[in-house]
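All you need for the numbering used here is the position in the sequence shown, starting with 1, plus 2. Have a look at the structure below before the remarks.
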Amino acid sequence: MDRRPFQAVSVGTCYAQTANDRFGDGASQAVRERERSAGLDGQGPFDWPGSDPEDDQDFPEESVYRLVPTMQRYRNNLTALSQLYNLYFVAYQGQIFVYVPRSVPRQTIPRHPDLRLVPEPSEVSQYIGGYQDPVTPHTINHMIVGSLGRQEIVVACYDDGDVVAYYTSEVADGISGRPNPSSTIPPVQKRASHGTRDSSPRPFFHENVGKSAWGLAVHKTSRLIAVSSNRCEVTVFAFALATGKEEKQEADTCPGCSGTGCVDIEQHVRQRARNWRIVVTLGLLADNMPNICFVDDNDGSACLICAVDIKGAVWLADIWTPAQGAMRIEPSNSMQLRNSEAWPTPSRGWGILALPDTNFLKVKCVEELLGLSIRHLGLASKNTLDVGRCIYGIPNNPGLQETNDGLPDYAVDLADDLHDDELEPGAVPNVDFQILLGTGEGSGDSDGSGGEEDDGEGADDDEDDTGDGDGSDMELDDGDEDSDDGSEVAAVAESSIGSGETTQPIPNHVLVQAQPPTTVLSGNGSLALMDAVLALEQANNEAPPWVLQAMKQALSAGSSGATATRPEEGGRPRGPSSARLDMAYFPHKGHVCLVPRETGKLVSFLRRRAEHDEKLVGHLSRMERFAQRYHVLRLHEKEVELRSLEPEDKRELGVLCPQVMNMGRELSPATKLLFRATSRLSMVVHLPEMSLVVVGSPIGRVLLVTPTQLERTEPRGHGILHHGFRVDWVLPRRSDERLYRRTPRPLHGMAVAPVQEKGVSGGRDDASRMSAPRRYRLMLHYRNHDILTFEITREEETGKLCIL
3 MDRRPFQAVS
13 VGTCYAQTAN
23 DRFGDGASQA
33 VRERERSAGL
43 DGQGPFDWPG
53 SDPEDDQDFP
63 EESVYRLVPT
73 MQRYRNNLTA
83 LSQLYNLYFV
93 AYQGQIFVYV
103 PRSVPRQTIP
113 RHPDLRLVPE
123 PSEVSQYIGG
133 YQDPVTPHTI
143 NHMIVGSLGR
153 QEIVVACYDD
163 GDVVAYYTSE
173 VADGISGRPN
183 PSSTIPPVQK
193 RASHGTRDSS
203 PRPFFHENVG
213 KSAWGLAVHK
223 TSRLIAVSSN
233 RCEVTVFAFA
243 LATGKEEKQE
253 ADTCPGCSGT
263 GCVDIEQHVR
273 QRARNWRIVV
283 TLGLLADNMP
293 NICFVDDNDG
303 SACLICAVDI
313 KGAVWLADIW
323 TPAQGAMRIE
333 PSNSMQLRNS
343 EAWPTPSRGW
353 GILALPDTNF
363 LKVKCVEELL
373 GLSIRHLGLA
383 SKNTLDVGRC
393 IYGIPNNPGL
403 QETNDGLPDY
413 AVDLADDLHD
423 DELEPGAVPN
433 VDFQILLGTG
443 EGSGDSDGSG
453 GEEDDGEGAD
463 DDEDDTGDGD
473 GSDMELDDGD
483 EDSDDGSEVA
493 AVAESSIGSG
503 ETTQPIPNHV
513 LVQAQPPTTV
523 LSGNGSLALM
533 DAVLALEQAN
543 NEAPPWVLQA
553 MKQALSAGSS
563 GATATRPEEG
573 GRPRGPSSAR
583 LDMAYFPHKG
593 HVCLVPRETG
603 KLVSFLRRRA
613 EHDEKLVGHL
623 SRMERFAQRY
633 HVLRLHEKEV
643 ELRSLEPEDK
653 RELGVLCPQV
663 MNMGRELSPA
673 TKLLFRATSR
683 LSMVVHLPEM
693 SLVVVGSPIG
703 RVLLVTPTQL
713 ERTEPRGHGI
723 LHHGFRVDWV
733 LPRRSDERLY
743 RRTPRPLHGM
753 AVAPVQEKGV
763 SGGRDDASRM
773 SAPRRYRLML
783 HYRNHDILTF
793 EITREEETGK
803 LCIL
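Here it is, written out as structure tokens:
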């Protein structure tokens with residue numbers, strides 16, 4: 003019985019498709035044999051047939067072993083659904099399998115992919131190599147679907163630093179134009195019947211970011227693709243844009259140049275007459291960033307990159323404006339944010355979402371805001387509410403143990419005493435973790451790359467029944483690539499405490515890494531520089547970037563400024579399909595340089611020494627522009643946290659739900675090894691039209707989170723209460739797992755999109771797609787190839803969320 007003090011969430015049928023259902027009898031046994039052949043030790047991808055049909059010559063064509071693809075481990079989200087077409091994308095190793103789901107509402111996935119996208123490694127990727135798997139570096143780490151202007155795209159990033167993107171319209175056309183294959187045709191014959199790989203859609207975008215790539219974000223209005231990497235920086239690809247229907251466009255110039263040089267680098271880059279690689283550099287305290295997102299200005303255009311690093315810090319950095327330091331929001335020091343498997347190490351950061359006020363569901367009372375009675379609120383810290391007890395009121399919560407009477411053993415009546423205004427402070431004091439832990443012996447390097455000297459002995463010895471060992475972010479740490487998993491795990495544990503930084507807490511809640519203002523060149527020297535740079539470009543970049551930089555310094559007669567360059571005269575600007583990004587922009591310094599086209603020079607550019615903002619200053623007032631419109635949803639290993647961007651002395655109360663995603667079941671020792679490094683809330687899909695955030699963890703479950711906002715602010719404790727969130731559901735429900743998840747395996751990926759009717763196009767017109775209530779499908783794809791599917795609908799009249 004749902005006794006929560008807000009409108010009930012209705013949950014209907016869970017549809018399941020097992021590996022045997024999809025591939026035939028013996029598929030589940032094939033998966034188990036692969037696990038045994040790998041020794042259950044998690045050492046990279048399984049060396050087993052299935053990733054490529056050409057590798058399966060030792061097996062007969064009808065063998066089930068040829069049909070079941072292999073899966074990579076220790077990655078981010080690896081499945082996605084198109085929002086416009088009936089297309090389901092799954093990343094297997096370095097390939098993207100595309101399926102057309104059948105039979106609504108079951109969303110059955112066929113045995114063979116309807117199309118297979120096989121992007122070849124870039125020329126430079128072989129020099130970059132892989133971190134997670136040096137033997138097979140061209141393996142996908144993360145994949146998303148988003149809109150780039152009017153076009154929808156699917157983007158994947160790789161362990162070798164490659165980033166590729168396809169138009170989903172071309173993928174849909176590629177499937178529609180092919181004969182409908184029989185499900186009995188094996189992969190090799192099917193591909194032969196469709197022609198060679200060259201007949202498949204080609205990526206319109208293929209670049210490299212210089213190191214293992216992880217976080218992905220796509221901005222529709224500004225037409226940007228952002229990628230975070232283990233270089234501890236974010237690369238934003240800004241494509242050249244056409245300005246109209248003219249056949250020709252005037253040369254790329256900065257307004258106000260008047261023929262004497264660039265006087266506004268920001269405007270020059272924003273003009274987008276060239277392709278730009280914008281390298282967003284962060285401070286020395288930055289670590290590897292598993293997830294990123296955009297922050298918009300008042301006009302809806304992207305202006306900031308928002309990232310979370312594995313230390314739990316949030317970073318906000320300007321994309322366009324030069325000489326603006328990156329803003330750092332410190333990790334929470336609440337004792338509720340501790341790694342339960344490696345106490346008292348802080349819980350690491352894995353997911354991030356910047357939410358504008360328009361995406362919050364307006365509610366009338368605190369109970370609807372947070373999903374539980376005021377009586378059961380606590381304090382995680384002076385300025386953060388603890389709403390952890392809400393999880394005990396979620397019906398059929400799989401993370402709670404069940405008693406003999408069928409009720410959770412922690413069941414409480416969250417509807418009691420709805421008008422009790424007293425908060426219950428937590429019993430644990432607010433202790434600064436840097437003072438508590440110190441840097442200790444074997445701390446990481448000062449560049450945040452992790453402790454390479456740590457031998458990592460016994461790093462996974464203290465795992466609990468969740469199997470969430472100390473290596474929950476082993477693939478993101480910048481440690482020794484030749485070390486074994488144990489050393490990687492230990493290095494990450496040390497870097498999570500604080501690599502080479504002071505043991506004293508940084509006094510300001512928000513730190514800003516600033517640089518001196520950029521001096522802009524002017525006069526004949528600047529004009530000569532632009533001509534020289536243009537000549538080098540026309541000569542196919544005969545000089546590397548550092549030579550160009552030396553030229554700038556010489557021509558500027560000692561000036562430390564930089565200038566933008568001119569594009570080719572005349573002609574239409576090159577768009578996203580161009581072979582190479584033309585220019586690189588480093589906004590933290592205001593520097594601009596050419597991106598080399600020759601492979602060796604491009605490798606040197608990508609592997610250049612990492613730069614950092616080094617000067618720490620106080621909080622800047624420019625943060626207030628975003629603080630009034632944005633809140634940050636920060637996701638840790640098992641915890642969800644919402645906080646404002648306002649400074650400490652006047653911000654509203656934050657909200658923390660600790661331990662919201664627990665395994666809640668006993669696992670055998672062998673199964674625990676399969677779940678090692680899975681405790682991370684790293685999969686995030688935002689559905690703004692439904693005021694819903696879907697958060698997934700590789701442990702195999704997802705949260706349905708509703709961002710909420712009080713119609714009127716209320717004073718509460720040491721601050722005001724205005725924004726919050728409530729956890730509407732934890733899926734699969736305990737009853738679903740009892741029926742369909744008897745053999746627990748980690749989650750390969752989760753995907754959410756509007757329900758499509760049939761065929762590649764979905765069989766619906768635009769009017770029916772926008773009709774209310776909108777139905778969404780949620781597909782959970784497990785590492786044993788089982789798939790669980792739900793439908794989600796929010797009824798506008800009642801604000802009720804239904805899963806059908």
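In this text, a Cβ means the ideal position worked out from N, Cα and C, and glycines have one as well. All figures in this text were calculated on a predicted structure; none of them were measured in a lab.
- Only residues of its own chain outside the window of five on either side were considered, and among them C16 have a CB closer than 6 Å to the CB of D738, listed in chain order.
- Residue state for N290 is assigned as coil, using DSSP reduced to three classes.
- For A18, the closest of R796, I789, T795 by C-alpha to C-alpha distance is I789.
- Nearest C-alpha to A93 among T141, T791, E268, Q31: T141.
- Shown here, N22 sits in a helix according to DSSP, grouped into three states.
- Taking each of M692, P717, F607, K384 in turn and checking the Cα distance to T710, the smallest one comes out for M692.
- V100 is positioned such that its CB atom lies closer than 7 Å to that of L89.
- Taking a contact as a CB-CB distance under 8 Å, the pair V229 and V166 does not count as one, their CB atoms being some 11 Å apart.
- DSSP links I307 through a beta bridge to F296, A319.
- Residue environment: N300 is assigned as exposed (fewer than 16 neighbouring CB atoms within 10 Å of its CB, all protein chains considered).
- Per DSSP, the unbroken beta strand (DSSP E) holding S383 starts and ends at 380-383.
- Excluding sequence positions up to five before and after L318, its CB lies within less than 6 Å of the CB of L306, C308, M329, all in the same chain and listed in chain order.
- Taking 4 residues as the minimum length, the alpha helix (DSSP H) runs contained wholly in the stretch 714-775 are 736-742, 768-771, in order along the chain.
- Rounded to the nearest whole angstrom, the CA to CA distance from E759 to L339 is 43 Å.
- For R777, same chain residues with a beta-carbon under 6 Å away, outside a window of 5 residues either side, are V757, E793, T795 in chain order.
- Looking at the backbone, the Cα of L379 and that of D388 are separated by about 6 Å.
- With a beta-carbon spacing of about 7 Å, L749 and S699 fall inside the 8 Å limit used to define contacts.
- For R636, the enclosing beta strand (DSSP E) covers residues 632-637.
- A straight line joining the alpha-carbon of A629 with that of L647 spans about 5 Å.
- Across the set A755, V762, G761, G764, the C-alpha of A755 shows the shortest separation from the C-alpha of L782.
- The stretch 634-643 makes no contact with the stretch 358-374: fewer than 3 CB pairs, one atom from each, lie closer than 8 Å.
- Nearest neighbour of Y742 by Cα position, chosen from M585, L604, P400, turns out to be P400.
- Under the DSSP definition of a beta bridge, G353 partners with L637.
- Using a 10 angstroms sphere on the CB of Q128, the tally of other CB atoms stays under 16, which defines it as exposed.
- Listed as beta-bridge partners of F239 by DSSP are I227, R279.
- Of R747, G351, A325, the smallest CA-CA separation from E332 is found for G351.
- When the Cα atoms are used, R740 and R703 turn out to be separated by approximately 14 Å.
- The C-alpha of F362 is placed about 26 Å away from the C-alpha of M145.
- Around the beta carbon of E37, a 10 Å sphere encloses 16 or more other beta carbons of the protein chains shown; the residue is thus reported as buried.
- The C-beta distance from T673 to P598 rounds to 49 Å, too long to meet the 8 Å contact threshold.
- Here the alpha carbons of V316 and E654 stand approximately 18 Å from one another.
- If you check the CB distance, R735 and T708 do not come in under 7 Å.
- In this chain, D175 is not harboured by any beta strand (DSSP E); it is covered by the alpha helix (DSSP H) spanning 170-178.
- Counting other Cβ atoms within 10 Å of its Cβ, D162 reaches 16 or more and is therefore classed as buried.
- Checking the DSSP bridge columns, you'll see I142 partnered with Y160.
- Just so you know, the alpha carbons of F677 and S383 end up roughly 31 Å apart.
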